[in-house]
RNA sequence: GGCGACGUACCCAAGUGGCUAAGGGAGCGGUCUGCAAAACCGCCAUUCGCCGGUUCGAAUCCGGCCGUCGCCUCCA
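And the structure:
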């Protein structure tokens, strides 16, 4: 298995520190607002990484944190006139609502910053003792900063030199800091802000320290994989490395994995540009599985351009799978043994799994893996066109569907029954007709067809079509679908 | 200014030294069908931003140019 490591800038063989055990820490979200499609991408990417590692037999411990104390939360609380805790709780709940619908598995541990204040204080204390950090007066209390220049490897992840950073310094100059690049480990709290008691008086943690505290506590001093969005590389992950390695004297993470951005009109989606798309709003319009498929159809490190058109394409792809599934359900064995063409599909079936794994082994190439699944779907349909009727052929076809669903499961795709795909679309599109009513009309139409009353039959079909329902006449019955 | 990524058909997107350049969407043609608008099948890049170079051989490696984007500030 090969994995691209941001730290070394190249593809490396994946070997966990301890045989088959993998500890993964991914940076979660700051709970101060609804999650957007960029958060969704990151969540989906790491969800697939974890699923695939487990599929490969690794024993995975996955930790994803919630940042539940931070400036943005405090600001939001002030704006809404509620407490910071209420803001954090509310948006943690909203996070789960969205992520559950996207099929994201819960992490094994989902720690919150505010539950690890003691651990953070301990680390900050040690960093001061070791000479990596210093406290500065801030009125009644003190703030603690990490002295970047004391850590000789600073910049190794983001490939930046301290000197270059100083030049470009858009960081506001703060006289009390030794260097403008120094970052806060502990912040003295201002009046009205939340605070915790500490050796430096009333204060609250800086942003980066929580990840060091929580990852070390729940996984260990060296993580197998640490990941997050590419925008976290600098300064967040760079700072994490500095404070963690200064604290433990050991490498912080073996592999660093970062997912690319979601762009809109070729620009990174961000609050400041005002072009964010909430997951919530998208789920009003599109199927969650389609959104997931869209996010997985490009390599995780490439930027993905968002466009409504592309989500519709993903829906069309899914429809192709579920349509094939319906077709398979319709198959009947009409002769014992073989109809003599099983060899036309068997070799393709036998190599499917290997090719799929090969794709994901190559730095989690989900786009390629999806291509392989659809290539097989195409072959499967082609095979069914030959009207196989032997027991052996039908069995192979049914097995093929099971294989597609099993492999799809690694990406958490293809898990619904075909009928549920259409039922869900019926709800999503707010189509003004119930399943029962459709069935009634199909029944009525069948009668009309038997009487060769084509006019009435077409009338019913047209009526449903106008609502977005498509009827498909099969040899012995008619099935309904929702138009994509 | 410093660092980095990318540019593959009408659109999205794999492929990073050598079989016919995956897959999907759109389009077109056909099969099925009472009809079909669905489904299914087939067709759809002698060519990979441009110009040079390395090589028996490059979309894939090297150099230059053009274009797009990102990080250097909170950010998935």
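Numbering (my numbering), first residue to last: 6 to 489.
For every residue, glycine included, the Cβ atom is placed at its ideal position computed from N, Cα and C.
1. For the alpha helix (DSSP H) containing residue 47, list its first residue and its last residue.
2. Three-state secondary structure (DSSP) at residue 79?
3. Determine, using beta carbons only, whether residue 80 and residue 37 come nearer to each other than 9 Å.
4. Taking the continuous beta strand (DSSP E) assigned at residue 260, which residues delimit it?
5. Are the CB atoms of residue 182 and residue 141 nearer to each other than 9 Å?
6. Should the segment 64-81 be called in touch with the segment 115-127, which here means at least 3 C-beta pairs below 8 Å?
7. Quick one: grab the DSSP three-state call for residue 304.
8. For residue 231, which three-state DSSP category applies?
9. Below 9 Å between beta carbons: does that hold for residue 259 and residue 217?
10. Residue 190 and residue 211 - do their beta-carbons sit closer together than 9 Å?
11. How many Å lie between residue 154 and residue 160 at the Cα?
12. Within this structure, are the beta carbons of residue 67 and residue 113 separated by less than 9 Å?
13. Given residue 333, which residues of its chain have a CB within under 7 Å of its CB, disregarding the five upstream and five downstream residues?
14. Among the candidates 204, 476, 247 and 215, whose CA atom is the shortest distance from the CA of residue 137?
15. Enumerated in chain order, which unbroken segments of the alpha helix (DSSP H) with a length of 4 residues or greater are wholly contained in the segment 353-410?
16. Which residue comes first and which comes last in the alpha helix (DSSP H) that contains residue 222?
17. Among residues of its own chain, excluding the 5 on either side of residue 28, which ones have a beta-carbon nearer than 7 Å to its beta-carbon?
18. Is the Cβ-Cβ distance between residue 90 and residue 366 less than 9 Å?
19. To which residues does DSSP link residue 492 through a beta bridge?
20. Given 8 Å as the limit, is there contact between the segment 291-307 and the segment 408-424, that is, 3 or more CB pairs closer than that?
21. Taking the alpha helix (DSSP H) that residue 324 belongs to, which residues open and close that run?
22. Quick one: grab the DSSP three-state call for residue 139.
23. Is residue 270 buried or exposed, if buried means 16 or more other CB atoms sit within 10 Å of its CB?
24. Rounded to whole angstroms, what's the CA-CA distance from residue 254 to residue 244? Just pull it up for me.
25. Determine the DSSP secondary structure at residue 10, reduced to helix, strand or coil.
26. Name the DSSP bridge partner or partners of residue 309?
27. In angstroms with no decimal places, state the Cα-to-Cα distance between residue 283 and residue 342.
28. Counting Cβ pairs, one atom from each stretch, are 3 or more of them under 8 Å apart for the segment 371-383 and the segment 438-450?
29. Within the same chain, show all residues whose beta-carbon is closer than 6 Å to that of residue 354, passing over the 5 residues directly before and after it, in chain order.
30. Can you give me the start and stop residues for the beta strand (DSSP E) that residue 483 sits inside?
31. For a test of the three-state rule: what should DSSP assign to residue 72, helix, strand or coil?
32. Any idea which residues DSSP pairs residue 340 with across the strands?
33. Smallest Cα separation from residue 493: which of 442, 231, 392 and 349?
34. Can you check which of these residues, 475, 33 and 152, is closest to residue 541 by C-alpha distance?
35. With H, G and I counted as helix, E and B as strand and the rest as coil, what does DSSP make of residue 498?
Inspection of the coordinates gives the following:
1. 42-60
2. helix
3. yes
4. 258-264
5. yes
6. yes
7. coil
8. strand
9. no
10. yes
11. 10 Å
12. yes
13. 402, 403 and 406
14. 247
15. 371-390
16. 214-223
17. 66, 224, 225, 228 and 229
18. no
19. Nothing can be reported for residue 492: it is not among the residues displayed for the chain, which extend from 6 to 489.
20. yes
21. 313-335
22. strand
23. exposed
24. 15 Å
25. strand
26. 267
27. 54 Å
28. no
29. 405
30. 483-487
31. strand
32. 395
33. Residue 493 falls outside the range modelled here, since the chain spans only 6 to 489, and no answer is possible.
34. Residue 541 lies beyond the stretch modelled for the chain, which goes from 6 to 489, so this question has no answer here.
35. Examination of residue 498 is not possible in this model, given that the chain is present from 6 through 489 alone.
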